[in-house]
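Only one structure is covered here, and it is reproduced in the block below.
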Amino acid sequence: MSRSPGVPRLLRRLNDRAALELLLTDGPLTRAELGERTGLSKVTAGQLLARLEERGLVEVAGERAGGRGPHAALYAVVPSSAYVAGLEVLPDSLKVAVADITGRVVVEITLNPSDGRDPVKAVHEAVQRACDTANVSLSRLRAFVIGTRGVVDPVTGDVRWSYDLPDWHVGVLASLRETLGASVTIENDVNLVALAEHKYGAAVGHDDFVVLWAGVGQGLGVMLGGRLHRGLSGGAGEIGWLPVPGEPLPTDVSEPQSGSFQRLVGHDALRGLADRRGVTGRTVPDLVRGGDDGYLDEVAGRLAVGAAAVTVVLDPGLIVLSGDVGRAGGARLAAKVQEAVARVCPSRPTVVTTQVAGNPVLRGALVAALEQAREQVFSDTV
29 MSRSPGVPRL LRRLNDRAAL ELLLTDGPLT RAELGERTGL SKVTAGQLLA
79 RLEERGLVEV AGERAGGRGP HAALYAVVPS SAYVAGLEVL PDSLKVAVAD
129 ITGRVVVEIT LNPSDGRDPV KAVHEAVQRA CDTANVSLSR LRAFVIGTRG
179 VVDPVTGDVR WSYDLPDWHV GVLASLRETL GASVTIENDV NLVALAEHKY
229 GAAVGHDDFV VLWAGVGQGL GVMLGGRLHR GLSGGAGEIG WLPVPGEPLP
279 TDVSEPQSGS FQRLVGHDAL RGLADRRGVT GRTVPDLVRG GDDGYLDEVA
329 GRLAVGAAAV TVVLDPGLIV LSGDVGRAGG ARLAAKVQEA VARVCPSRPT
379 VVTTQVAGNP VLRGALVAAL EQAREQVFSD TV
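Residue numbers are given in the working numbering: position 276 of the sequence shown equals residue 304, and the series is strictly consecutive.
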């Protein structure tokens, strides 16, 4: 009879991974509860917990009173067993969040880079500052995910181009990995917002949806079948370049803010629309937040041009409005966009406003970083 000595090892690894995921989502749990939910015997569950406890991944986090017998120990994932970092890079600032393996954010800071022309130095300094503030050694970070504006090549992971961040170019990723380790990943910022909406926000339970980012720039995060759709070259979602009736086509695509949809719904356009209607406010989000129905109807009609174009191609079923304009408009604007799309499009998607608390780019970066870190840590237990 042939023997497969690797099979028991593989089964233990799979059982360990399943147990750790359960402890993260439903824990703390007793040994008996863990056995029931995984289908393992009490003996096997006990051996599993002992193994994970020895590796520093699981600890006793309390007791649960039973019947007449002794109290049962409650087991939980050790939060400090690993940490991750998420970053949002903007032209004039760097925002960093560090979370433990359970997803709890331990620090979030915003810095003005001391040298904006050196992305690698700026990121390293920001991450080091965040770690120092959280009293976490840099060496304990298992994954770094950086959100940037622009197009990220899905094959190489490099930033192909970014108008707002010209110093983020091909080669930056390799330098970051030399400085911080191989677990550094760069991702388009609106794609990270889509991850945050899927995990925590308006798209929980939806595997097909889009995030329409309306703000200074326009972007689209596309989730199909529970996976981000980036396109062959990473350019999926650059909706600011969408050709629209009545707006001139760009004559030079290297010129920022020249896309037709960007001209229709960008800050300058919405401010001009407010001036013509006599709507007042210090900023464009203020104009949208305080705008009357007539102004919001016009804003919604413009956003609906892009939403309808996406709907007839992808039929996502759900559109989440985000960005400073989407947030400011709230449920009123979302409802008006939904009505406007239904008037011009045979499919009728539900349009809602974002429900992600805090910084959605950072939240999405942590979602991606935690997925990477857990894959590393939870798959290396045997």
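A virtual CB, placed ideally from N, CA and C, is assigned to each residue, including glycine.
Here the structure is a predicted model, which is why all the values come from computation and not from measurement.
Asked                                                                                                                                                                                       : Found
When we look at the beta-carbon of aspartate 235 and count the other beta-carbons within 10 Å, is it buried (16 or more) or exposed?                                                        : exposed
Helix, strand or coil, according to DSSP, for methionine 29 in the structure here?                                                                                                          : The predicted position of methionine 29 is uncertain, since its pLDDT is 41 and thus under 50; no value can be drawn from it.
What are the start and end residues of the beta strand (DSSP E) that includes leucine 118?                                                                                                  : 111–118
Enumerate, from N- to C-terminal direction, the unbroken beta strand (DSSP E) stretches of 3 or more residues contained entirely within the stretch 132–171.                                : 133–139
Under 7 Å between the Cβ atoms of tyrosine 103 and leucine 76?                                                                                                                              : no
Just to confirm, is the Cβ distance from proline 388 to alanine 202 under 7 Å?                                                                                                              : no
Give every residue of the same chain whose Cβ lies closer than 7 Å to the Cβ of glycine 63, excluding the five residues on either side of it in the sequence, and list them in chain order. : Ser69, Lys70, Ala73
Suppose you measure from the CA of aspartate 217 to the CA of valine 365; what does that come to, to the nearest Å?                                                                         : 23 Å
Of the choices Val333, Val238, Ala302, whose alpha-carbon is the least far from that of glycine 412?                                                                                        : Nothing in the structure corresponds to residue 412, since the chain is present only between 29 and 410.
To which residues does DSSP link glycine 185 through a beta bridge?                                                                                                                         : Answer is none; glycine 185 lacks a bridge partner.
Leaving out the 5 sequence neighbours to the left and right, which residues in its chain are closer than 6 Å to valine 333 when beta-carbon positions are compared?                         : Val272
Just curious, the beta strand (DSSP E) that valine 348 is in, first and last residue?                                                                                                       : 346–350
Please work out which residues of its chain come closer than 8 Å, Cβ to Cβ, to serine 261, disregarding the five sequence neighbours upstream and downstream, and give them in chain order. : Val179, Asp181, Pro182, Arg188
Determine the extent of the beta strand (DSSP E) in which glycine 322 is found, giving its start and end residues.                                                                          : From DSSP, glycine 322 is part of no beta strand (DSSP E) but of the alpha helix (DSSP H) over 321–342.
So, leucine 52 versus valine 105, is the Cβ gap smaller than 7 Å?                                                                                                                           : yes
Measuring alpha carbon to alpha carbon, tell me which residue in His99, Leu361, Glu82 is nearest aspartate 325.                                                                             : Leu361
Roughly how many whole angstroms lie between the Cα atoms of alanine 356 and valine 369?                                                                                                    : 20 Å
Is the separation between the beta-carbon of alanine 12 and that of valine 380 shorter than 7 Å?                                                                                            : What is shown of the chain runs 29 to 410, which leaves residue 12 out entirely.
Are at least three pairs of beta-carbons, each pair with one atom in the stretch 205–216 and one in the stretch 139–155, less than 8 Å apart?                                               : yes
Out of curiosity, what's the CA-to-CA distance linking glutamate 403 and glutamate 215?                                                                                                     : 18 Å
Residues bridged to valine 380 by DSSP?                                                                                                                                                     : Val348
Across which residues does DSSP place tyrosine 103 in a beta bridge pair?                                                                                                                   : Leu57, Val88
Counting only C-beta atoms, is aspartate 128 closer than 7 Å to chain D at any point?                                                                                                       : Note that chain D does not occur in the displayed structure, where there is just one protein chain.
Tell me, please, whether the stretch 390–403 touches the stretch 237–244 by the rule of three or more beta-carbon pairs shorter than 8 Å.                                                   : no
For glycine 264, report the span of its beta strand (DSSP E) as first-last.                                                                                                                 : Just to set this straight, residue 264 is alanine in the shown sequence, not glycine. Here alanine 264 belongs to no beta strand (DSSP E), and DSSP marks it neither H nor E.
Proline 284: which of Asn163, Leu193, Val88 sits nearest, CA to CA?                                                                                                                         : Leu193
Tell me whether the beta-carbon of glycine 243 lies closer than 7 Å to the beta-carbon of aspartate 160.                                                                                    : no
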